[in-house]
Amino acid sequence: MKKPLILTLIFVALGAMVYFYNAYNKEHTDVSTADVLQELTTSDLFAAFDADVALATEQYAEQVITVSGSIYSIDLENEKEPQIVLQANGDDGFIRCGFATAARSQVESLQEYSNIKIKGLCKGMNDAGDLDLLAERDVILSDCIIID
Amino acid sequence: MKKISTLILATLALIAIAASSHSGGVYKTNTGTIDFFSHTPVEDISAVNHKVKTAFSSANGKIQFSVLIKDFEFEKALMQEHFNENYMESTKYRTATFSGTITDIAKIKVSTDGTYTSQVTGKLTIKDVTKEVATTGTFTVKGGVVNAKAAFNLNPSDYNVKIPRTVMNKISDDIKISIDADYKHLH
Chain A
1 MKKPLILTLI FVALGAMVYF YNAYNKEHTD VSTADVLQEL TTSDLFAAFD ADVALATEQY
61 AEQVITVSGS IYSIDLENEK EPQIVLQANG DDGFIRCGFA TAARSQVESL QEYSNIKIKG
121 LCKGMNDAGD LDLLAERDVI LSDCIIID
Chain B
1 MKKISTLILA TLALIAIAAS SHSGGVYKTN TGTIDFFSHT PVEDISAVNH KVKTAFSSAN
61 GKIQFSVLIK DFEFEKALMQ EHFNENYMES TKYRTATFSG TITDIAKIKV STDGTYTSQV
121 TGKLTIKDVT KEVATTGTFT VKGGVVNAKA AFNLNPSDYN VKIPRTVMNK ISDDIKISID
181 ADYKHLH
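Protein chains in written order, with my numbering: chain A, 1 to 148; chain B, 1 to 187.
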């Protein structure tokens, strides 16, 4: 009677160890293989955050989405994270897409004002409230890859 | 002769206007970097954000930052999850902001290459809690780009960041925040 109890305890302890090890070493979302929550245009994505930023954050933040739109600028200033900015709402709103360091040459080869489709992990909107020098608003996508 | 001197004066005036508009403008970037580092004997934790929006006015020294909390990247996904969901509640408190002043802005010659230092003071807002912070910033001007570097320490509990007792020994109460941003003149 004592032996089965000890064996059960050992199995439970081993199971718990495996569970916590896996949880601790959980991988980040792999955008390239992740399912897409929704396919959007840049204008539609920005409009969702513009209409209700709290609701849009609940809906899209930490979700993999695709956005299609026109490239406003290619921003290679940050050595660690090449970025592109997509037009979304005139001079007031943009979608800022960050790429892996290794994608720098790919990002560099893009053309401003050309159309593009990006898959990325939506992080939310960086709006600075009443800070007057930072008036324009960006919806942020990270770990982006170019689809088309 | 009069015509020539008038032309020279007009040219000089235009140069002066161009120079003053360049030195008295707003400098900005959306690709600044903020990283933080927590050291305890049990564990070191760091995270980085490369999409920091920041600008300063070379006319009056006003400087502002806005950073999206969810865009901080950790080495471990679990840490990132805990940071967002448990500590920062980043769905509710989406951004952290700083609004302050470069005290010695007159010393920083944005049109002359060189390295300048100045006190930066202002209000840092995290999780709707606003506190005064002060640090020394190093401003390096090179080819029209102004690089700013600064660092300061903060205690998470000052900003309503509640660390559960079970992980208290893994998270420092003296977290180092480092800033690195390359500002360009806004035309």
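Beta carbons are placed, not taken as given, at the ideal position from N, Cα and C, and that holds for glycine.
{"Item": "First through last residue of the alpha helix (DSSP H) which encompasses B/Gln80", "Value": "Ala77 to His82"}
{"Item": "Reduced DSSP category for B/Lys170 - H, G, I as helix; E, B as strand; rest coil", "Value": "helix"}
{"Item": "Between the CA atoms of B/Asp128 and B/Asn155 - distance to the nearest angstrom", "Value": "15 Å"}
{"Item": "Start-to-end residues for the beta strand (DSSP E) that takes in A/Lys2", "Value": "No beta strand (DSSP E) contains A/Lys2, which is instead part of the alpha helix (DSSP H) from Lys2 to Tyr24."}
{"Item": "Residues near B/Thr135 by beta carbon distance below 7 Å, same chain, minus five either side", "Value": "Val120, Ala150, Ala151 and Phe152"}
{"Item": "Chain B within 9 Å of A/Ile74, Cβ atoms only", "Value": "no"}
{"Item": "Strand pairing of B/Val161, partner residues [DSSP]", "Value": "None; B/Val161 has no bridge partner."}
{"Item": "Residue(s) in a DSSP beta bridge with B/Gln64", "Value": "B/Ala55 and B/Ser99"}
{"Item": "Spatial distance of A/Ile74 from A/Leu9 (CA atoms)", "Value": "58 Å"}
{"Item": "Exposure label - A/Ala16; buried when at least 16 CB within 10 Å", "Value": "exposed"}
{"Item": "Contacts around A/Ala88, its chain only, beta-carbon distance under 6 Å, and the 5 residues preceding and following it disregarded", "Value": "Thr42, Ser43, Phe46, Phe94 and Ile95"}
{"Item": "Three CB pairs or more closer than 8 Å across the stretch 101-118 of chain B and the stretch 72-86 of chain B", "Value": "no"}
{"Item": "Buried/exposed call for B/Ser21, threshold 16 Cβ in 10 Å", "Value": "Residue placement at B/Ser21 is poorly supported in this model, since its pLDDT is 41, which falls under 50; the coordinates are not used for a value here."}
{"Item": "Alpha-carbon spacing of A/Lys26 relative to B/Ile108, whole angstroms", "Value": "46 Å"}
{"Item": "DSSP beta-bridge partners of A/Met152", "Value": "No answer is possible for residue 152 of chain A: it lies beyond the span of chain A, which begins at 1 and ends at 148."}
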